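Down below is the structure, laid out as structure tokens.
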Amino acid sequence: MTLSIKDIQAPISDEMKAFEHKFRQFMKSDVMLLDQIMNYIIRRKGKQLRPMFVFLSAGVCGNITESTHRGGALIELLHTATLVHDDVVDDSNYRRGFFSVNALWKNKIAVLVGDYLLSRGLLLSVDHQEFDILKIVSTAVRELSEGELLQIEKARRLDINEEVYYQIIRQKTASLIASCCAVGASSVGAGEEMVKRMHAFGEKVGMAFQIKDDLFDYGEDEIGKPLGIDIKEKKMTLPLIYALNRAPWLEKRRIINIIRNESHKPKKVTEVIDFVKQSGGLQYAQEVMQRYVEEARSLLADFSDSPHRRSLEQLVQYTIERSK
370 MTLSIKDIQA
380 PISDEMKAFE
390 HKFRQFMKSD
400 VMLLDQIMNY
410 IIRRKGKQLR
420 PMFVFLSAGV
430 CGNITESTHR
440 GGALIELLHT
450 ATLVHDDVVD
460 DSNYRRGFFS
470 VNALWKNKIA
480 VLVGDYLLSR
490 GLLLSVDHQE
500 FDILKIVSTA
510 VRELSEGELL
520 QIEKARRLDI
530 NEEVYYQIIR
540 QKTASLIASC
550 CAVGASSVGA
560 GEEMVKRMHA
570 FGEKVGMAFQ
580 IKDDLFDYGE
590 DEIGKPLGID
600 IKEKKMTLPL
610 IYALNRAPWL
620 EKRRIINIIR
630 NESHKPKKVT
640 EVIDFVKQSG
650 GLQYAQEVMQ
660 RYVEEARSLL
670 ADFSDSPHRR
680 SLEQLVQYTI
690 ERSK
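Numbered per the numbering used here, the sequence shown spans residues 370 to 693.
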């Protein structure tokens, strides 16, 4: 990969530094235990792709404002709340290589922390009467929850077709990136049409982002061992759906039986991975991912050339070229 996150951040580097400080302030609490947990969460933050989408989208549509900072913080607060709750639901002890909140402080505290983050985000918008931004993000959180529940429902029956798969990833992944771009536009006073265009742009990027995640399941890690995490969790991803749709009936039944009853066996997971690779599932998923990227780029084409637009285009490329 030729570009790093630091390169892409160049037009908004000052804003991102200021945002980091402001975000810490937004998360502060007078309760010592809560403040300790907030500091722990901040220290293990990821690449901050979501605030980058907010600031770059704002820069494409106008001049970055305090409202942009609050919009970025709202998304990060609500997103962090969903991650904390997800770790409780999944009984996961790790997040980004660190101990999860529930692993260190137990489930009850983790749920309450998630609730606190959610309320801080909502109040941030309400206190400044930024109801348009609040509506955009709240809609995304609703869609995210619906997408997760739809995936759980379908995983029980393993009957996901491509149409349902696209609905799931649009809700559980693309909706949040779409809200980042729409919030960025709304925060600088962009008109309704421009906000809708940026939302559509973010949705296309989010679809490509999730398909890239699906492809990681069929990659190899540093010791050459197949990953297959999605298969173990009985998640029907695009490469697998494509392969099953093109398999003879008996082969399809055999693979579904492995996923349903034997996905805890490493050799059987490898068998499914080989089946998908031989069926052209990876190539098909890459083609679909690239199509979403091209559609996203076309939505940016109407905006005038600027450092922010160029960085946004580079960020799109980064999402499909990343190695994790």
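Positions of the beta carbon are idealized from the N, C-alpha and C atoms, including for glycine.
As the structure is a computational prediction, the values presented were derived from the model and not from experiment.
Residue i versus residue j: straight-line alpha-carbon distance, rounded
i, j, result
"Ser-696", "Tyr-409", "In this structure the chain extends from 370 to 693, so residue 696 is not present and cannot be described."
"Lys-637", "Gly-588", "16 Å"
"Leu-513", "His-448", "10 Å"
"His-438", "Phe-424", "8 Å"
"Ala-479", "Pro-676", "40 Å"
"Val-685", "Lys-416", "14 Å"
"Val-510", "Leu-609", "27 Å"
"Ala-442", "Tyr-653", "37 Å"
"Arg-393", "Arg-419", "16 Å"
"Gly-593", "Asp-586", "Unreliable positioning characterises Gly-593 in this predicted model, as indicated by a pLDDT of 39, which lies under 50. The coordinate reading is nonetheless provided below. Spanning the two alpha carbons is a distance of roughly 13 Å."
"Ser-673", "Gln-683", "16 Å"
"Leu-584", "Leu-403", "37 Å"
"Asp-383", "Asn-626", "53 Å"
"Ile-502", "Glu-532", "29 Å"
"Trp-618", "Ile-624", "10 Å"
"Glu-389", "Arg-412", "11 Å"
"Ile-374", "Met-385", "12 Å"
"Ile-537", "Ser-544", "10 Å"
"Glu-561", "Lys-504", "13 Å"
"Leu-372", "Arg-622", "44 Å"
"Asp-460", "Thr-508", "26 Å"
"Leu-493", "Lys-391", "12 Å"
Beta-carbon separation (whole angstroms), residue i vs residue j, contact threshold 8 Å
i, j, result
"Ala-379", "Ser-680", "7 Å"
"Met-576", "Arg-539", "6 Å"
"Cys-549", "Phe-395", "In fact, because the Cβ distance is near 17 Å, the residues do not count as touching under 8 Å."
"Ala-547", "Leu-487", "That pair is no contact at about 20 Å."
"Tyr-687", "Ile-377", "6 Å"
"Val-574", "Ile-444", "In fact, because the Cβ distance is near 15 Å, the residues do not count as touching under 8 Å."
"Gln-579", "Thr-542", "4 Å"
Identity of the residue in the options nearest residue i by Cα
i, options, result
"Ile-642", "Arg-691, Leu-518, Ser-507, Leu-613", "Leu-613"
"Met-658", "Pro-608, Ile-537, Lys-581, Ser-632", "Lys-581"
"Glu-664", "Arg-566, Leu-527, Gln-647", "Arg-566"
"Glu-602", "Ala-616, Glu-620, Arg-623, Glu-631", "Glu-631"
"Arg-526", "Gln-579, Asp-460, Ile-628", "Ile-628"
"Lys-414", "Met-401, Lys-504, Leu-452", "Leu-452"
"Gly-716", "Ile-598, His-390, Leu-607", "Given that the chain is displayed from residue 370 to residue 693, the structure contains no residue 716 and the question cannot be resolved."
"His-497", "Pro-617, Ile-600, Arg-678, Glu-435", "Glu-435"
"Lys-634", "Gly-597, Gln-647, Leu-493", "Gly-597"
"Val-457", "Val-482, Ser-494, Leu-446", "Val-482"
"Tyr-534", "Tyr-611, Leu-619, Leu-372", "Tyr-611"
"Glu-620", "Ile-600, Ile-537, Phe-644", "Phe-644"
Three-state secondary structure assigned by DSSP to residue i
i, result
"Phe-468", "strand"
"Leu-486", "helix"
"Gln-652", "helix"
"Pro-617", "coil"
"Lys-634", "coil"
"Pro-595", "No answer about Pro-595 holds up, because its pLDDT of 49 lies below 50 and its placement is not dependable."
"Val-557", "coil"
"Gly-428", "helix"
"Met-605", "coil"
"Gly-588", "coil"
"Lys-477", "helix"
"Val-564", "helix"
"Val-400", "coil"
"Phe-672", "coil"
"Thr-434", "coil"
"His-448", "helix"
"Gln-417", "coil"
Does the stretch 569-583 touch the stretch 651-668, meaning 3 or more C-beta pairs lie closer than 8 Å? yes
Assess contact between the stretch 426-434 and the stretch 548-561, defined as three or more Cβ pairs (one per stretch) separated by less than 8 Å. Is contact present? yes
Three or more C-beta pairs closer than 8 Å, one from the stretch 472-492 and one from the stretch 516-523: is that the case here? no
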